[in-house]
Amino acid sequence: MLTIERLNKTFAAPAGPVVALSNIRLQVERGQFVTFIGPSGCGKSTLLKIVAGLDTAYEGTVELNGKAITGPGVDKGFIFQEPRLFPWLTVEKNIAANLSLGNAQVRRQVDELIELVRLKGFEKAYPKELSGGMAQRVAIARALLRKPEVLLLDEPFGALDAFTRTHMQEALLDIWRSSKTTMLFVTHDLDEAVFLGEKVVIMNPRPGHIRNVINVDLPYPRKRTGAAFQELRSKVLGEFEKVEQPPLLDQGAGI
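Read in full-length UniProt numbering, the sequence shown has 180 at position 180, and its numbers run on one by one without any break.
Structure, rendered in structure tokens:
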């Protein structure tokens, strides 16, 4: 479904060109849940932006269903760390966004998504009345309404407390199983990567490249305290510990 071949991305900088991504090769099948983990500056977010069509200045091939990605579109949904809701709109209107709730089909789909993301009863609530996890569920529902081929999530739970984050991970898996949408999920949390992903992509920094791809052959729902989970976690951790960490001064580079 998603094919990335020989992808290279370079940024211009005062001190000279910075190679953010080098020779990225990856295949993602339809309906897969793939997580990406690596230190700051390894190009995880840059890779997501390229797949989303938000950055087209690169070398190589990035195709969705056999067609080159040349820009953003409704076939690619993007979820940021912050929900980015319209504060003057209710939950249901935030989900509909530029679509009219007066349209019977849109109304039905919005109602179905509100059920799916467990926000029944909050249709008329405004963003200021929602918790962080609830607001992210609104953002996910808004993206799913457009029926994207792939949903790209850039550390969507990074700002949540541990309890809410755990709940949101389970909720996202329910959404994924119900919607059958392909998901690419960037995180800095190793447990989160193993708990969610069918594949864990481990990335190295400077230049950003894929160090390893580990298949997570564990059935859902997964138990974090189970022996099989801990064994896979140790395997991913072992690979992650081999990753070359960028200098401390580069941690905020945001590449």
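Using N, Cα and C, we set each Cβ at its ideal position, and we do this for glycine too.
Remember, predicted model here, so these are calculated numbers, not experimental data.
Proximity winner among the options, relative to residue i (alpha-carbon distances)
i: G31; options: K199, P127, T182 and A159; result: T182
i: V110; options: A143, R84, K242 and G133; result: A143
i: T61; options: L7, G73 and W176; result: L7
i: E155; options: K120, E192, I175 and P148; result: E192
i: P72; options: L152, P39, L232 and D189; result: L152
i: A228; options: V216, G238 and E239; result: V216
i: P205; options: F78, A139 and G38; result: G38
i: T3; options: E29, A15 and P17; result: E29
i: L160; options: M134, S178 and L47; result: M134
i: residue 258; options: R108, E5 and V138; result: Missing from the structure shown is residue 258; the chain here goes from 1 to 255 and no further.
i: A141; options: R84, D189 and G158; result: R84
i: E5; options: K180, K242 and G66; result: G66
i: M1; options: P87, P148 and F86; result: P148
i: P87; options: Y126, R108 and D55; result: Y126
i: D189; options: V18, S40 and G16; result: S40
i: K128; options: L89, S179, L99 and V74; result: L89
i: V186; options: K180, M203 and R177; result: M203
Residues that DSSP places opposite residue i in a beta bridge
i: A68; result: E63
i: H209; result: N204
i: F185; result: T35 and L153
i: K9; result: L21
i: I214; result: V200
i: F78; result: L152
i: V28; result: L2
Cβ-Cβ separation, residue j to residue i (assumed contact under 8 Å), whole Å
i: P207; j: S22; result: 4 Å
i: K76; j: V150; result: 6 Å
i: G132; j: T164; result: 6 Å
i: L173; j: V34; result: With 8 Å as the limit, L173 and V34 do not qualify as a contact, their Cβ atoms being about 14 Å apart.
i: I79; j: L47; result: The pair is not a contact, with the Cβ atoms about 15 Å apart (cut-off 8 Å).
CB of residue i within 8 Å of CB of residue j, strictly
i: Q230; j: F195; result: no
i: K199; j: V213; result: yes
i: F36; j: V201; result: yes
i: I114; j: L145; result: no
i: L64; j: I210; result: no
i: I175; j: L130; result: no
i: L51; j: I69; result: It is worth fixing the name first, because residue 51 is Val in this sequence and not Leu. Taking 8 Å as the Cβ cut-off, V51 and I69 qualify as a contacting pair.
i: R118; j: A162; result: no
i: Y58; j: K9; result: yes
i: A13; j: G43; result: no
i: Q81; j: G158; result: yes
Residue-chain proximity (residue i, chain D), Cβ-Cβ < 8 Å
i: L119; result: Among the chains in the structure shown there is no chain D, since it carries only a single protein chain.
>> For a minimum of 3 consecutive residues, which ranges assigned as the beta strand (DSSP E) are wholly contained in the region 104-176?
In response: 150-154
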